[in-house]
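For reference, the structure discussed in these notes is given below.
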Amino acid sequence: MNYTIKNQKLTLEISSRGGEFQSIRDAQGREYLWQGDAATWTDRGPNLFPYIGRMTDQSYTYQGQTYHMDIHGFLPTAELNLVEHKEEELTLRLEDSPETERQYPFKFVLDITWKLENEKISITYLVKNTDDKTIYFGIGGHPGFQIPFEDDLKFEDYRIDFGEGAKPRRILLSEDCFVLEKDEPLQLVQGRYLNLEHTLFDNDAIVLKNMPEEIRINSEKGEKEIRVAFPDMDYLGFWHWPHAEVDYMCVEPWSSLPSRKNIVEDLEKQKNLHALKSGEEYRNIWSIMLTTLDRIK
């Protein structure tokens, strides 16, 4: 089932399947969200939980027992229940079940809330530990944005603006997208821009750490821009289908990383996962804003 929330600036559609973005349109009806393609990437904007990226052998261990989980965890394909639906706000919920416990031996409640504030979409992840033991998890977003998102422009006209003084570092990944535990500076034009080219993604995702709290996607030839802010996320990924000229790019705020190459991770020992004690809550808010370049101070 799809839910719609809207205000005078935005109309947002969300699926109960994984809480996935289905559409982000501005007041003029322009679509900013990738609408899927059977030849490349059929998704549009999933959420990721309780793991981000791939696990070696699709496996991890917890207290000596081995569990199996697909890429990005079970949230993307799970059916969420409605908690609250207002004109400008929506909350959906996922709770542990026998199906999740086969993959993830913890009790939890995950609420995702989308709220419209003028031209901004705020996305709140609220994880509640309802177990009697510490739970371990990663969480993040994976929206794909249409690029170009203005008439008479092309993908290569756009750039990612990291802001002045940014010094992001690229986490090196293996050919099959596992962490190599090495990183290097991301080379930026004028110390702040990454110009978009399809070949950037020939080796799959670009995953970064030491990020600013916000990035912007815009073009010197255009007037519109997309801002993604992620003040409480430690990592950011950029991706589109490798070796393809597709008109989208995913911007992925992550709280954690995939498995290390050739290592079946122990969930209690993976350094970048969140550890949430019994009865505690974890909250993480990130946002998407559609605006115009002439409003930037």
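When we follow our numbering, the leftmost residue of the sequence shown carries the number 46, and every step to the right adds one.
Cβ coordinates follow ideal geometry from the N, Cα and C atoms, glycine included.
Measuring only the C-alpha atoms, how far is residue i from residue j?
i    : j    : result
I308 : T336 : 43 Å
E242 : V234 : 13 Å
T179 : E132 : 36 Å
T101 : C222 : 10 Å
N329 : G186 : 11 Å
K322 : S304 : 22 Å
K314 : F94  : 18 Å
V252 : I205 : 14 Å
W286 : F246 : 7 Å
T122 : E162 : 28 Å
D141 : F151 : 7 Å
A72  : S219 : 42 Å
N248 : Y181 : 29 Å
G98  : R75  : 31 Å
V291 : E201 : 11 Å
M334 : D197 : 22 Å
R340 : D177 : Reliability fails at R340, whose pLDDT of 44 lies under 50, so the model's placement of it is uncertain and no value is given.
I168 : E259 : 14 Å
K212 : R70  : 32 Å
K199 : F66  : 23 Å
E325 : Q108 : 21 Å
L318 : N52  : 36 Å
I166 : E310 : 34 Å
M114 : H130 : 31 Å
C295 : T175 : 32 Å
When you compare the CB positions of residue i and residue j, do they come within less than 9 Å of one another, or not?
i    : j    : result
L57  : E164 : no
E209 : R237 : yes
S332 : R261 : no
S60  : M46  : yes
A250 : T85  : no
S104 : Y96  : no
L125 : G81  : no
W79  : Q191 : yes
W159 : L135 : yes
K266 : I216 : no
N92  : Y149 : no
Y293 : N240 : no
T145 : F119 : yes
Could you tell me how far apart the beta carbons of residue i and residue j are, in whole angstroms, since I believe they sit closer than 8 Å?
i    : j    : result
G90  : G189 : 6 Å
V128 : F153 : Not confirmed; about 15 Å, so no contact.
L312 : T106 : 7 Å
P257 : M278 : Between M278 and P257 the Cβ distance is about 11 Å, and since that is not below 8 Å, they are no contact.
K316 : L225 : Actually they do not touch by this definition, with Cβ atoms about 15 Å apart.
Y77  : F194 : 5 Å
Should residue i be labelled buried (16 or more other beta-carbon atoms within 10 Å of its own) or exposed?
i    : result
H301 : In the sequence as presented, His is not what sits at residue 301; that position holds Ser. That one is buried.
R147 : exposed
M110 : Looking at the sequence provided, one finds Gln at residue 110 rather than Met. Classification for Q110: exposed.
L338 : exposed
Q232 : exposed
D156 : buried
L229 : Before going further, note that residue 229 is Glu rather than Leu in the sequence given. E229 is exposed by the Cβ-count criterion.
N263 : buried
H117 : buried
T244 : exposed
G282 : buried
K342 : Here K342 scores only 41 on pLDDT, less than 50, and its place in the model should not be relied on; the value that follows carries that caveat. Its Cβ having fewer than 16 others within 10 Å, K342 is exposed.
A274 : buried
P143 : exposed
Would you list the residues sitting across from residue i in a DSSP beta bridge?
i    : result
C295 : G189 and W284
L335 : I271
L57  : I50 and I69
R328 : L171
A320 : Y181
H130 : L135
S300 : Looking at the DSSP assignment, S300 forms no beta bridge with any residue, so it has no partner.
S142 : Paired residues: none, contrary to the question.
Give a yes or no on whether 9 Å exceeds the smallest Cβ distance from residue i to chain D.
i    : result
L312 : The chain inventory of the structure shown lacks chain D, comprising one protein chain alone.
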